[in-house]
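Notes follow the structure.
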Amino acid sequence: MTVQYKTGSLTYFDMLSAKNIYKYGGNFTQFLRDSTPPETRPSDIIEVAYDLQAGTSIDAVKSNEEETSAYYRALASVLDQHIESPSTMLDIGAGEITTLTGVLNNLKKRTCLSPFLRWISVGPV
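Going by the numbering used here, the residue at position 61 of the sequence shown is 61; the numbering climbs one at a time, nothing skipped.
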C-alpha cells in the first residue's frame, strides 16, 4: 500500500508512520523512499528527514552534558593546534550546530561564527 500521494506539484508523506519508525529506531528514510513514487525528488525526502529529527541533537547534548563538554574540549584542543586567528572553517552537515557551537566556545583563539545556508540542487528540479 502506498502511503504517499501527490496532488499537482505538492507531495504528501505519511508523517505519522515515518515518525513512529524513527521513534523506534527504524530506517525511516528508507520508508520514505519506498512509499513515494520514483519521481519524488530526493531533496524532498531529505527535508522531511531533517524535520523528523529536529531537536534531537540538542536533546542529546542536554542529557549528556559532561560527555559532550569533554568531546568539545578535545576537538577544540586539536583545532587550536592547526588554526590561525582569524580563520574560516566549513562545517558540512552542521544540523543544529550543537557540535560547532560547543567547539567554538572552547577554542583558545578568537573566533566568530557566521552561519549561512545555501541549498544547492543537482539535477532536475
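Glycine residues also receive a C-beta, built at the ideal position from the N, C-alpha and C atoms.
The model shown is predicted, which means the values in this text are computed figures rather than measured ones.
| Query | Result |
| --- | --- |
| Straight-line CA distance for R110 to P86? | 7 Å |
| At a cut of 8 Å, does the stretch 95–106 reach the stretch 67–83 through at least three beta carbon pairs? | yes |
| Do I45 and T56 have their C-beta atoms closer together than 8 Å? | no |
| On the criterion of 16 or more Cβ atoms from any shown chain inside 10 Å, does T36 qualify as buried, or is it exposed? | buried |
| When burial is assigned at 16 or more other CB atoms within 10 Å of the CB, is V61 buried or exposed? | buried |
| For P124, count neighbouring C-beta atoms within 10 Å of its own C-beta (all shown protein chains included) and say buried if the count is 16 or more, exposed if not. | Unreliable placement is indicated for P124, whose pLDDT of 46 sits below 50; the coordinate value is still reported in the next sentence. The residue is exposed, with fewer than 16 neighbouring Cβ atoms inside 10 Å. |
| Just tell me which of S43, E84, D59, H82 has its CA closest to the CA of T99. | D59 |
| Pick from Q53, D80, E66: whose alpha carbon is nearest that of G24? | What sits at residue 24 in the sequence shown is Tyr, not Gly. Here the closest residue by C-alpha is Q53. |
| Express the C-alpha separation of L90 and P42 in angstroms, rounding to a whole number. | 24 Å |
| Enumerate in chain order the residues of its own chain whose CB-to-CB distance from I92 is below 7 Å, with the five nearest sequence positions on each side excluded. | none |
| Pick from S63, V48, P38, S77: whose alpha carbon is nearest that of S17? | V48 |
| Measure the alpha-carbon distance for K19 versus G26 and round it to whole angstroms. | 10 Å |
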